[in-house]
Amino acid sequence: MQKVLHINADKCTGCRQCEMACSFENYGVFATAKSRIKVFDFHYTGKKVPYTCTQCDEAWCLHACPVEAITVDRATGAKVVNEATCVGCKVCTIACPFGTINYVQETGKVQKCDLCGGEPACAEACPTAAITYIDANWTGLSKMEQWADKLSNQSTAV
Amino acid sequence: MSWAGKILRVDLTAGTVKNEPLNMQWAQAYLGSRGLGTKYFVEEVDAKVDPLSPENKIIWATGPLTGTMASTGGRYTVITKGPLTGTIACGNSGGYWGAELKMAGWDMVIFEGKSPKPVYLYINDDVAELRDAAHIWGKSVWETEETLKKTLQDPLTRISGIGKAGENLVLFAAVVNDLHRAAGRSGVGAVMGSKNLKAIAVRGTIGVGNIRDPKAFMKVVAEKKKILADNAVTGQGLPIYGTQVLMNVINEVGAIPTRNHRDNQFEGAKDISAEAMATPRKTDGKKHLVTNQACFGCTIACGRISKMDENHFTIINKPQYRGASGGLEYESAWSLGAVNGVNDLEALQYANMLCNEQGIDPITFGATVAAVMELYEMGVLTKEQVGIEANFGSAQALAFLAEETINGRGFGIEIGQGSKRLTAKYGHPELSMSSKGQEFPAYDARAIQGIGLAYATSNRGGCHLRGYTIASEVLGIPVKTDPLESQGKPELVKAFQDATAAFDSSGLCLFTTFAWGLADLAPQMAAACGEQFTTEELEKIGERIWNMEREFNNRAGFTKADDSLPERLTSTDGACKTGPAKGKFNELATMLPKYYEVRGWDPEGRPTAATRERLSL
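The structure is reproduced here in structure tokens:
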């Protein structure tokens, strides 16, 4: 079963535990600036929204890479940057429509979410389940359940 | 480790910025944030210094757990000598700024002297420099944040600074970060203004990477987060209702100071409560409360984000106040509402937004307005003087006086001096509901005995955050004690004061203590910083910090006589009129000598030689 990161922004409190978990997993430090998932605050509405790579099937970044540094992790479906191959040309950062692959000055390579090899640290750290790692075919399950519940509470409709 | 090991020293007079190694011996003995910042302060500054003179210093300090994955690890403290009280002043704030400073690789920033012209400090990891602030001087906290992010071309920069109130030296001006989180009390913002220092803009990309035992740390912080999530207060009450969960609870025990402490229950409490914030308004059908909001690293998320009724009289034709914004918390709902007899929730949020916008402490502001309203009703102040009819309960007066105060206009200039100076000027010092010149917060010391002792002995003047005995006396955490009983309270107050000092100094939030004790903090500190940080060691460090603050105040000239409460709270004349505490007044005179004894102080409130030695002071 393939799983995906699923984001429910309504549950996000803006705490940045996900960003710290991401940077700790990948760099061994708590540094939100190094995180591959970012939480955005929209002050005027009070909305907080975590955002990261959705692992496109036909990934723009993968197709754009001239040295084939981005490959598919067969186990997770994640599009993974091979740092040894990446030449830091940044073409992938232009190709990605969502901005979720970015250049890192310190390494001279790009970085993106790789689903932590199947155990995403961000989802593990999220205290409100705003970020979950669930069955790719059933991301709508909990919403369906909510509506089903509503239906079950209705008296017989005729 | 887990300390960055570096501090920035900024000489504003000379315009220089220097990098210094952190004194690790002091860090072991005083942790960080409040404790360590205060240690640096008391070592470097004469206790008799004029708070608004260039000789005063002001320090921004993070704790060893700030910027880590320990829940609530986003706190920082601003330490200076306070202009409102003349005591050690120390304001603690959340938001994201503190973690950003730590992630830039700094434990603290010490400012000394006075800049010849308005400046701000820009920190980008290792690089720090003073920059001209001419374009932001005179601007609000909100405008400053927006402008600096544009100037620096970096939307991820975090800003801690002052609005117009700090520039105008309002004695209870706050330092505000991330739009609506504040080092709110004791006038730390005025000291910043007196130094021509507008803001500190920080971008930190280095991160916190020197945890002593990362594996053990990740395990223990996960366990402790679970305790917060499973606890009724930190897992349910605070995220759903915020601190406002207290409004109806405290009113029921008869402990909401109302109309400048004339009364101890507020008939309008339900109108300004958490429940009211979550109920659709009659006027526009929308809820006041939009969402909750966490500070950095916080798994509780008690913060409130609200939206006002666009047709409320306070914001007609003022679109800048229509967006979602911080508030109301219990303290501000009380200080702007109950203590002034105002039950108009929208007016309270308007006044609260103004406090954030230009940076003032809503507790001292609101409590000073209460004194003004009492003086007005007594006929001591007139409409001509105040600029408006200022009866208790007037939302119009509250909104008007908030505008005047943040803008430094009219009678607002006098309010900006706080209630102690204002009531003394008009011949009624007894009407200032304060201790050491700082106004009391939202718990009635007549109905809750221990909190009265905590107010009287607080090292930064009247304050609930130096020993929150409400947890025990009302909520039963960790054990229930009778709020009407003064016996046993000196011991309780001491225990709360010492534990609080340790929590504040770790870089974590005091609100974790609804679910955690020092025994929960200790293993997190041990994994991050060193095995010596046991529960007992943290208790001792907390007590050491408390005594260090006390000795600074003693050197500043404070004596036993300043460990006091106003007569209204300690005499039969002012006793509670209604509720379960009817007829009660605070028994401070009985508790204080016992408190000194428990503390190991002499009868004049000075730490004895034996106490100083025991605490290695």
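Which chain is which? The protein sequence lines are A and B, in order. Counting in this note's numbering, the first sequence runs from 1076 upward without gaps. Counting in this note's numbering, the second sequence runs from 17 upward without gaps. We put the beta carbon where it would ideally sit given N, CA and C, even for glycine.
Around the beta carbon of Lys436/B, 16 or more other beta carbons lie within 10 angstroms, which makes this residue buried. Taking a cut-off of 8 Å on C-beta distances, the stretch 551–569 of chain B touches the stretch 508–521 of chain B, as three or more cross pairs fall below it. Collapsing the DSSP output to three states places Val249/B in a helix. For Leu1080/A, the secondary structure class from DSSP, reduced to helix, strand or coil, is strand. Within chain B, the residues whose beta carbon sits less than 8 Å from that of Cys1090/A are Ala310, Cys311, Phe312, Gly313, Cys314, Thr315 and Ala317, listed in sequence order.
In the three-state DSSP reduction, Ala1144/A falls in the coil class, being neither helix nor strand. Listed by position along chain A, the residues whose Cβ is nearer than 8 Å to that of Thr173/B form an empty set, because the closest Cβ is around 11 Å away. Comparing alpha carbon positions, the residue from Gln1186/A, Ile1082/A, Cys1201/A and Val1104/A closest to Ala238/B is Cys1201/A. Judged by DSSP secondary structure, Arg320/B falls within the beta strand (DSSP E) whose first and last residues are Gly319 to Ser322. Using a Cβ-Cβ cut-off of 9 Å, Tyr1102/A counts as an interface residue toward chain B, since at least one Cβ of chain B sits closer than that to its own. When the five nearest sequence neighbours on each side are left out, the beta carbons in the same chain lying within less than 8 Å of the beta carbon of Ala487/B are those of Ile493, Pro494, Phe512, Thr529 and Phe530, in order along the chain. Here Ile1169/A is not near Lys1187/A, since their CB atoms are 9 Å or more apart. Listed along the chain, the chain B residues whose CB falls inside 7 Å of the CB of Tyr1126/A amount to none; the nearest CB is some 14 Å away.
According to the DSSP assignment, Gln548/B belongs to no alpha helix (DSSP H), since it is labelled neither H nor E. Following the DSSP letters along the chain, one finds Met263/B in no beta strand (DSSP E) but inside the alpha helix (DSSP H) bounded by residues Leu262 to Glu268. Under a 10 Å Cβ-count criterion, Glu501/B is classified as exposed, with fewer than 16 other Cβ atoms of the shown protein chains found around its own Cβ.
For the pair Trp1213/A and Trp1222/A, the Cα-to-Cα distance works out to about 15 Å. Bounds of any beta strand (DSSP E) do not take in Thr101/B, whose DSSP letter is neither H nor E.
Sixteen is the threshold: when 16 or more other Cβ atoms of the shown chains lie within 10 Å of the Cβ of Val1156/A, as they do, the residue is buried. Lys241, Ala245 and Pro255: these are the residues of the stretch 241–268 of chain B whose beta carbon lies less than 8 Å from some beta carbon of chain A, given in chain order.
At a C-beta separation below 9 Å, Pro1202/A has these neighbours in chain B: Ser87, Lys241, Leu244, Ala245, Ala310, Cys314, Thr315, Ile316 and Ala317. Using a CB distance below 8 Å, no part of the stretch 1146–1157 of chain A faces chain B.
When secondary structure is reduced to three states using DSSP, Asp460/B falls in the coil class, being assigned neither helix nor strand. The C-beta of Gly223/B comes closer than 9 Å to at least one C-beta of chain A. Here Asn1177/A carries a strand assignment [DSSP, helix/strand/coil]. In the DSSP assignment, Asn423/B falls within the alpha helix (DSSP H) that extends over Ala411 to Asn423. Contact between the stretch 218–225 of chain B and the stretch 140–159 of chain B is present: three or more C-beta pairs spanning the two stretches fall below 8 Å.
Taking a contact to require three or more Cβ pairs closer than 8 Å, the stretch 536–556 of chain B and the stretch 25–38 of chain B do not qualify as touching.
Annotation: Cβ neighbours of Val306/B in chain A (cutoff 7 Å, chain order): Gly1121.
Contact of Thr1214/A with chain B by beta-carbon distance below 8 Å is absent, the smallest such distance being about 23 Å. Thr250/B and Phe527/B have their C-alpha atoms spaced approximately 8 Å apart. One alpha carbon belongs to Thr485/B, the other to Tyr471/B, and they sit about 10 Å apart.
One Cα belongs to Gln1130/A, the other to Ser1217/A, and the distance between them is close to 21 Å. The Cβ atoms of Ala461/B and Leu344/B lie no closer than 9 Å to each other. Between the beta-carbon of Asn280/B and that of Lys593/B there is about 7 Å, and that keeps the pair under the 8 Å contact cut. Secondary structure at Gln1130/A: coil, using DSSP grouped into helix, strand and coil.
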